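Residue numbers (my numbering): 23 to 149. Working notes, structure below.
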């Protein structure tokens, strides 16, 4: 199961290094990361397969996962229009995407309240 972990951090030099070192020292691969926040605090989203190990490693360094959720991860071709096509397909199914970012290996990460419906739509091949 692929999980999006949200870690709230101080928006200062070294915050990303602290989080990623703790996770990598636990032997957990980070498949994607994105950070949002221009003020004193920021939300760091980390994509991992082994959430429990990542949570434990962060706790040992006085860092904590504020939220987590399962997400849909889709392998895509690296070409113009791929994200537009996927977004249109999800919209046509009436599903609201509330999280999207790009991961390693030409993959796109999606989140939605109705994850099962989102996964079903993303799994269907175009006609």
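We put the beta carbon where it would ideally sit given N, CA and C, even for glycine. The model shown is predicted, which means the values in this text are computed figures rather than measured ones.
Next item on the list: Name, in chain order, the residues that DSSP records as bridge partners for residue 45.
Entry: As a first step, residue 45 must be located in the chain shown, where it is residue number 23. Answer by DSSP bridge pairing: none, since residue 45 is not bridged.
Note to self: If we require 4 or more residues per run, which alpha helix (DSSP H) segments fall completely within the segment 23-93?
What the structure shows: 37-47, 73-82
Notebook entry, point to check: The beta strand (DSSP E) with residue 125 in it runs from where to where?
Noted result: By one-based count along the chain shown, residue 125 stands at place 103. Segment 121-125, the beta strand (DSSP E) holding residue 125.
Margin query: So, under 8 angstroms CB-CB, residue 69 and residue 26 are touching, yes? Tell me the CB distance rounded to an integer number of Å.
Written below: Numbered from 1 along the chain shown, position 47 holds the residue referred to as residue 69. Numbered from 1 along the chain shown, position 4 holds the residue referred to as residue 26. That pair is a contact at about 6 angstroms.
Check: Considering only C-alpha positions, which residue in the set 24, 122, 45, 125 is nearest to residue 77?
Finding: As a working note, residue 77 is residue 55 in the chain shown. With distances taken between Cα atoms, residue 77 lies closest to 45.
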